[in-house]
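Below you'll find the structure, written out as structure tokens, and then a few comments.
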Amino acid sequence: MKNLFALVDCNNFYVSCERVFNPRLEGRAVVVLSNNDGCVIARSNEAKALGIKMGAPAFQHKDLFRKNGVLVYSSNYALYGDMSQRVMETLGRFTPRIEIYSIDEAFLSLEGFDSTSLTEYAHLIRSTAKKWTGIPVSIGIGPTKTLAKLASKVAKKYRKLNGVFDLTDHPAMEKILDSVDVGDVWGIGPRYRTFLVRHGIRSALDLNRAGDIWVKKHMTVMGLRTVKELRGIPCFGLEELPVPRKGIMSSRSFGRPVESLEELKQALATYVSRAAEKLRSQRSAAAIVHVFLLTNRFKPREPQYGNSSTAILPIPMDYTPNLIRWAHRQLGKIYKPGYRYKKTGVFLTEIVPRDRIQLNLFTQNYPHEKNRKIMRVVDLINARWGTDTVRYGAEGTQKEWKMRRNLLSPRYTTQWSEIPVVKSE
DNA sequence: TCTGGGGTCCTAGGACCC
DNA sequence: TCTGGGGTCCTAGGACCC
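For the first sequence, the residue numbers in the working numbering are 79 to 503.
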């Protein structure tokens with residue numbers, strides 16, 4: 079049967095989430111900032127029209143924001159995660175096969191659906207999502223994921239399409255591909271864009287017509303797959319099952335520079351407990367702990383230092399206190415006094431399923447049943463009452479290094495009102 | 001004062017083995 | 001005349017995604 083994909087993309091997702099609970103934001107220029115209130119990571123159409131770029135540092139635009147009455151919010155991931163789940167559940171009603179691709183995008187398989195009424199169906203999906211969740215979405219349809227993505231860009235670009243565009247067997251395919259900048263093709267980032275333009279490849283159509291061997295030579299097999307997908311030959315399938323992470327990272331920039339080892343250890347302990355939580359939630363254990371720390375690269379006049387250190391654990395672990403001990407040990411090896419640090423973090427790798435840990439002679443009863451029970455209770459309580467309800471002494475209580483979130487909206491959906499159901503094992 | 005955080009995949013090249 | 005060569009594993013680095 080013929081492949082057929084729909085890409086559903088939430089419009090200006092974080093801004094749309096804020097708008098659902100604060101209708102005053104409708105029709106206004108609104109931006110949402112990254113952690114630490116650093117960069118712009120979501121913009122309403124009105125904000126885009128003011129020329130505010132994705133990733134723009136917020137402090138450079140203070141004047142512009144004030145002059146134009148731009149409403150500025152800290153990112154509220156508890157809210158966005160919850161809204162995302164509602165949108166995905168809604169989309170799941172319209173197809174038996176769905177891939178949740180990111181917090182604000184999903185691929186739907188439309189294989190076997192009546193191809194003459196797909197646009198109509200997509201309009202129904204779109205209006206239902208809006209009605210049930212308040213979030214506006216755009217939908218692109220195509221025979222490959224790359225073309226569905228491209229179609230969704232077209233759907234956003236032309237108002238009269240009402241947020242839906244089907245590129246499948248389109249009579250004006252070439253003209254449409256020619257109207258799309260090569261850098262807007264899924265898989266073509268800024269580096270490749272520069273390179274391609276230098277070689278006269280400016281549009282998606284140019285790329286579609288590029289030679290296979292040349293593409294493979296300069297852009298690896300991944301680039302070649304992208305080109306084939308542009309020609310309608312599917313190279314990327316629907317990934318319905320979440321793939322267990324191969325590495326789990328947790329790190330944050332500090333709200334202010336941190337110099338003491340004591341405070342770095344507190345911050346690192348906090349990140350290790352987040353990472354360990356994620357590890358346990360996918361029922362895994364990690365055998366390698368990488369720790370890194372960095373000064374602020376945007377302050378060239380301050381002395382710069384960055385380093386990392388890796389511990390190979392005697393056996394894969396998921397017990398937070400032990401992981402904190404190992405992380406602290408590595409931090410001690412790379413910490414140098416006299417620097418103003420901006421960031422530290424942990425990266426867990428060599429991840430294996432928890433119940434398939436290779437035991438050795440010295441670890442007969444591993445993992446210890448008591449530790450496992452403690453972790454289960456801690457995870458349950460934190461899932462129910464919010465991260466940080468139970469935490470470790472090593473994380474500290476003052477947390478003066480915590481990131482800034484001065485412009486946070488209330489936790490509309492996740493505070494008190496909802497108690498997640500936790501499945502027993 | 002002030003510039004995010006988390007992932008994926010691929011390739012080249014070195015080490016090592018036979 | 002003319003410094004073996006092929007396979008495998010690992011790591012660092014570079015590209016991409018949202």
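C-beta: ideal position from N, C-alpha, C; glycine also.
Which one of the options has the shortest CA to CA distance from residue i?
i           : options            : result
residue 32  : 152, 100, 145      : Residue 32 lies beyond the range of the chain shown here (79 to 503); nothing can be said about it.
residue 375 : 420, 191, 416      : 420
residue 277 : 293, 157, 265, 396 : 293
residue 302 : 275, 319, 270, 89  : 270
residue 265 : 250, 298, 238      : 298
residue 339 : 308, 319, 371, 225 : 371
residue 509 : 459, 389, 487, 373 : In this structure the chain extends from 79 to 503, so residue 509 is not present and cannot be described.
residue 189 : 81, 253, 475       : 81
residue 97  : 349, 424, 213, 207 : 213
residue 162 : 342, 344, 313, 89  : 89
residue 434 : 126, 396, 457      : 396
residue 252 : 130, 124, 261, 225 : 225
residue 472 : 414, 458, 406      : 406
residue 168 : 187, 209, 95       : 209
residue 146 : 130, 249, 387      : 130
How many Å lie between residue i and residue j at the Cα?
i           : j           : result
residue 404 : residue 426 : 11 Å
residue 174 : residue 247 : 24 Å
residue 128 : residue 408 : 46 Å
residue 182 : residue 416 : 42 Å
residue 335 : residue 223 : 43 Å
residue 305 : residue 291 : 11 Å
residue 179 : residue 320 : 9 Å
residue 137 : residue 477 : 24 Å
residue 158 : residue 132 : 18 Å
residue 359 : residue 166 : 20 Å
residue 135 : residue 126 : 15 Å
residue 485 : residue 456 : 30 Å
residue 346 : residue 431 : 24 Å
residue 510 : residue 447 : Shown here, the chain extends from 79 to 503; a query on residue 510 therefore has no answer.
residue 124 : residue 143 : 12 Å
residue 268 : residue 258 : 15 Å
residue 458 : residue 160 : 18 Å
residue 489 : residue 250 : 46 Å
With DSSP as the reference, identify every bridge partner of residue i, one or two as the case may be.
i           : result
residue 135 : 117
residue 424 : 328, 369
residue 431 : 362
residue 85  : 185, 218
residue 419 : 336, 373
Looking only at its chain, what residues have a beta carbon closer than 8 Å to the beta carbon of residue i, apart from the 5 residues adjacent to it on each side?
i           : result
residue 356 : 323, 326, 328
residue 331 : 113, 114, 116, 420, 421, 481
residue 200 : 84, 217, 219, 242, 244
residue 309 : 286
residue 149 : 103, 106, 107, 108, 109
For residue i, I'd like the list of residues in its chain whose CB is within less than 6 Å of its CB, leaving aside the five on either flank, ordered along the chain.
i           : result
residue 317 : 177
residue 256 : 281, 283
residue 398 : 351, 354
residue 91  : 182
residue 203 : 172
residue 385 : 412
residue 164 : 211
Using a Cβ-Cβ cutoff of less than 7 Å, which residues in the same chain neighbour residue i once the five nearest sequence positions on both sides are dropped?
i           : result
residue 333 : 114, 479, 480, 481, 482
residue 87  : 182, 183, 215, 216, 230
residue 300 : 265
Within 7 Å: the Cβ of residue i and any heavy atom of the ligand FMN?
i           : result
residue 230 : The ligand FMN is not among the ligands present in this structure, which contains no ligands whatsoever.
Quiz item: Which ranges does the alpha helix (DSSP H) cover as unbroken runs of at least 4 residues, wholly within the segment 147 to 177, from first to last along the chain?
Solution: 155 to 170
Exercise. Go through the segment 182 to 217 residue by residue and report every complete run of the beta strand (DSSP E) that reaches 3 residues or more, in order.
Key: 183 to 187
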